[in-house]
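Okay, so here's the structure we're looking at.
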Amino acid sequence: MKNYDAIVIGAGHNGLTNAAYLAKAGLDVVVVEKNDYIGGAAVSRELHEGWIYSNCSYVCSMMRQSLHRDLDLSRHGLLLIPYLGTVNFADDGRTLVSYHDAEAAYLELKRHSAHDADSMSRFQADLARYSHLIRKTLLRTPPDPASFRPRDIFELLFLAKQFWALGEKELYEYVRFFTMSAAEFLDDYFEHDLISAAMASPGIIGTALGVYSPGSSYVLLHHAMGDVDGTIGAWGLARGGMGAISNAIASALTEKGGEIRTNAGVEQILVKDGKAAGVVLEDGEEIYSRIVVSNLDAKRTFTKIMDKDDLPDGIYEKARNFKIRGSSGKVNIALSGLPKFTGVPDNPYINRGGQNFTGSLETMERAYDCWKRGQWSDDPFIESVIPSVWDPTVAPPGQHWMSNFIQYCPAELSSGPWTPEKRDQFGQTVVDKIERYSPGFRDLIVHMEVRTPHEIENEVGLTEGNIFQGELTIDQLLFNRPFPGYSQYRMPVKNMYMCGSSTHPGGGVSSACGANAAREILIDLKRTNTVPEDDCYDE
Amino acid sequence: MTNNSEAFSGERLKQSHFHPRLAELNIRDSWSSWNGYKFANYYYDAEYEYFCVRNTCATYDICPMQKYVIKGVDAEAMLNRMITRDISKMRQNRVTYVVWCTDEGRMVDDGTIFKLASDEFMLTCGSPCSAWLEKSAFGFGDVSITDKSDEIAALALQGPTSCTVLRKMGFTEIETTKPFNIKHFPFHGDTLMISRTGFTGDLGYELWVKPELAIDLWDELYAAGANYGIHPFGETATNMARIEAGFIMPGFEFNEALKTVHFEHDQTPFELNLGWLVDFKKKHFNGRSALLQEQKKGPKYTLTKLDIEGSKPAEGAYVYSNKRCSREIGYVTSAMWSPSVKANIALAMIKTEHLSGELWTEIYYEKELRQYSKVARCTIKDKPFWTPARARLTPPLEN
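Just so you know, the sequences run in chain order A and B.
Each residue of the first sequence is one higher than the one before, starting from 1 at the first, in the numbering used here.
Each residue of the second sequence is one higher than the one before, starting from 1001 at the first, in the numbering used here.
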């Protein structure tokens, strides 16, 4: 029986990245995937003929440019295109356009509030300062503050140096920032309801927090610190859908000699003499390896595919209590034409960007209240994008597909388990809301895929459908992610590692978790590091 | 067109045959000029337009480009005497890329020759070259040279959906056109010439029509392209695309010989890595003996494609043979961060003898009014940075 150097569980983008870097170092690596397709949550699927949905993640900004470059993903078919012109819609029909051009953006803000238009530059400077710092940590392994190993001390000093460089005032502000709510943070800058709401919306995307919940300001930053070609805060689309990212990494992996096996769900990680030794697949097949890397979330890894008895005391409980709450839904819609929205000029650039059905801070908080009660929001926050206006490969010419991300949608309903009927009702809530801003929208619908946390968990494998593989709150960030003491990708069982978004730096299609884990594995195996440094240090 | 009664009429820029449409779409009023024509830097957003070239399709106004028709029994002989490449075997309805040099073998300009009939050629180039053409025709009996620059409306259509859009316009079998081939199509009682050529390194075509049909061509093209992401692109996006394709540009990679003041501040084809365009097997041509000599001793400089560490473009940087940057061996001519390739790319002139050694560059960049510099290692790339299969395939890949 063949003995691999490494088995990576889960062909999501981080698993593929991890495997690619192990293969680059000359290891014999196989990625096992439960579905008959790869990509995890970075996937393109043709669920209706002629339409390619990015049916989970739908936009990209965190992908580490240095990894893209190092793995030569462009040659493997990946093209990331920044998109422009998002429109934010208030409940009463007012709109706020995010123009790409700085002068146009200023004038648009000023149309609503001269105060906020002026404040925006200070807000952006502050956010950029925070972003610059956090970006430098993305492709680094978090230091263990309780360790005295030289590398940990060096990394701690590196972090300290970054913080000290902020200056005294900003250092305090930054620490405060991490624990604030998005709404409180924004209060310092903006007075206008729609502008505050538009700026706050990234603070709730994917998280079981509300705009007024402590910690949501970091979630806001997490969504603002990415970049496209160095433009921090910009978001892009992958040509061919988000699956193009996974496919390009997979192509790089196989070129380096790595293997991918689909329809190979893992039943259990094999542990022998306290060391990971391979996996048992759902069909009973056993595959052996020197190391096992789980790209599944922390909860799923330790409570579903590991034997509690193989784990040191307390780990199972930590995993069970890992905060990974489902809070989002996704509705993918094939459209026979381009929807028109009321209250925005007939400008092809802005109507083709994204639509944020933001409402106000209050609307968003009310939507969160529903979630707390175990209901989907009847007036949810929706972030929509119509990728087909940018990408000629994802819908038939003249027809479109619209990605709608919905906040909030609970994993467990107070009315009992999710059923197909409830799922469809949830979908109708979303269509009803869009129809309010785009009369006739409903008539354009050709096909619709509605995904609640229930579908996302069952199809993708993310516990509760949590898009980040665990909440991005300070208790689960940096050296606390996934658990204190286990932030360096090595898990409590020897020869076992984690490489998914449950590890630092967390959720998002960044490939950073996978790459960071590969670097640690290569250190343990005494191999030459193959993972490049980030290229953000001279920003 | 200019109005003579107006005080500044002599200073105003000419308008392209497509101007009414270009002006409407130039949302930012960002204009520069080219050969006396008003010419867009960009229309809405340079990066957006660049991505249209790489992702959908986009048009580039080439009305300001110089176009000369060279006709007569001796046209071919005259051109062959002027340019370094041999066009005697060129077939009709083909296009070829050419350069022409001074007696000293220094490059006057580069351009393309279209063979329209056995005795009729069209030469296109960036800068006016009537005088040089007339000089080159001296001694040839039957050659007429006509400057058609203002009399042909030309538009480049570039990008992955370009072929589909032309098909949609009704130009059937356009997909069978090979790179550097020409096809003619009936268009509004006249002819539309389509060549599979361009300056972006991607799939693309150039459309040539008489000025009266320019607006019809534009409108029909944009109607057909509406669902295929068609958009105009200006100088900024063009420059990005051509650097990725590794194409040279006067004023960047070469200084036109006839405009060069300082000794050897112009370039030879060998220095520009265009030795493959110099054919010593054909009869005498301008600059032959100088170029033969240069071929023997090797060019002093060689234009090189560089992949540079980090993401700061090495604009205007020197190239060194050591990390200490104490030994200067060349200079960067064009540099950019390539959004498609995801690499920090540059074209650079490097002293040939140093090509096999280490290459370093010192990059200067600004951060909030303060100058920073960093030293970065450079790696030579042999192939163009951007070279998609669809640009070479016939028929090209769908999208």
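Note that CB positions come from ideal geometry on N, CA and C, so glycine has one too.
A1237/B and A1046/B do touch by the CB rule: their CB atoms are close to 5 Å apart, below 8 Å. Residues Q1267, E1271, G1330, M1349, I1350, K1351 and T1352 of the same chain have their beta carbon placed closer than 8 Å to that of Y1301/B, with the five preceding and five following residues left out of the count. Proximity of R69/A to chain B, defined by a Cβ-Cβ separation below 7 Å, is satisfied. The three-state reading of DSSP puts T1352/B in helix, counting H, G and I together. When 8 Å is used as the limit between beta carbons, G1357/B is near no residue of chain A, the shortest such separation being about 24 Å. Under the three-state reduction of DSSP output, D1110/B falls in the strand class.
The alpha-carbon separation between T1172/B and T1164/B amounts to approximately 10 Å. In the pairwise beta carbon analysis, the stretch 15–31 of chain A is classified as not touching the stretch 415–427 of chain A: fewer than three pairs are separated by under 8 Å. Sixteen is the threshold: since fewer than 16 other Cβ atoms of the shown chains lie within 10 Å of the Cβ of P150/A, the residue is exposed. Boundaries of the alpha helix (DSSP H) harbouring Y1048/B: A1046 to N1055, taken from the DSSP string. Here the alpha carbons of E1120/B and I1070/B stand approximately 6 Å from one another.
Rounded to the nearest whole angstrom, the C-alpha separation of L472/A and G329/A is 18 Å.
With respect to chain A, the C-beta atom of T1096/B has no partner C-beta closer than 7 Å. Taken through DSSP and simplified to helix, strand or coil, L1207/B comes out as strand. Using beta-carbon distances, P392/A counts as an interface residue toward chain B, with a partner under 7 Å. In this structure, R1021/B places its C-beta atom within 7 Å of the C-beta atom of W1218/B. Counting of Cβ neighbours within 10 angstroms places L109/A among the buried residues, the total reaching 16 or more.
Contact between the stretch 406–414 of chain A and the stretch 450–465 of chain A is established, with three or more Cβ pairs separated by less than 8 Å. Apart from sequence neighbours up to five positions away, the residues of its chain that approach S384/A with a beta-carbon distance below 8 Å are G354, Q355, N356, F357, M402, S403, N404, F405 and I434, ordered along the chain. The Cβ neighbour count for S121/A, taken over all protein chains shown within 10 Å, is under 16; the residue is labelled exposed.
Under the criterion of beta carbons closer than 8 Å, I1243/B and I1345/B qualify as touching, at roughly 7 Å. In the DSSP assignment, L1359/B forms a beta bridge with C1378/B. Cα atoms of D432/A and P339/A: separation of roughly 14 Å, rounded to the nearest angstrom.
Counting only runs of 3+ residues, the beta strand (DSSP E) found wholly inside the stretch 249–302 of chain A occupies 259–261, 266–272, 275–281 and 286–294, in chain order. If you look at N1273/B, you'll find it isn't in any beta strand (DSSP E); DSSP assigns it neither H nor E.
Each residue's CA atom was taken as its position, placing L462/A and A208/A some 15 Å apart. Within the same chain, and ignoring the five residues on either side of G514/A in sequence, the residues whose Cβ sits closer than 6 Å to its Cβ are N14, T17, N18 and C499. N495/A carries a coil assignment under DSSP once its states are collapsed to helix, strand and coil. In the same chain as E365/A, and ignoring 5 residues on each side of it, the C-beta atoms closer than 7 Å to its own belong to G210, V211 and Y212, in chain order. With a minimum length of 4 residues, the unbroken runs of alpha helix (DSSP H) contained wholly in the stretch 195–229 of chain A fall at 216–224. Contact residues of the stretch 260–294 of chain A toward chain B are absent (C-beta to C-beta distance below 7 Å). Chain-ordered, the chain B residues with CB closer than 7 Å to the CB of R239/A read N1055.
Judged by DSSP secondary structure, G1225/B falls outside any beta strand (DSSP E) and instead within the alpha helix (DSSP H) spanning A1214 to G1225. The straight-line gap separating the alpha-carbon atoms of F1254/B and I1248/B is approximately 7 Å.
In the three-state reduction of the DSSP assignment, L1155/B falls in the strand class.
7 Å or more divides the Cβ of D1142/B from the Cβ of V1098/B.
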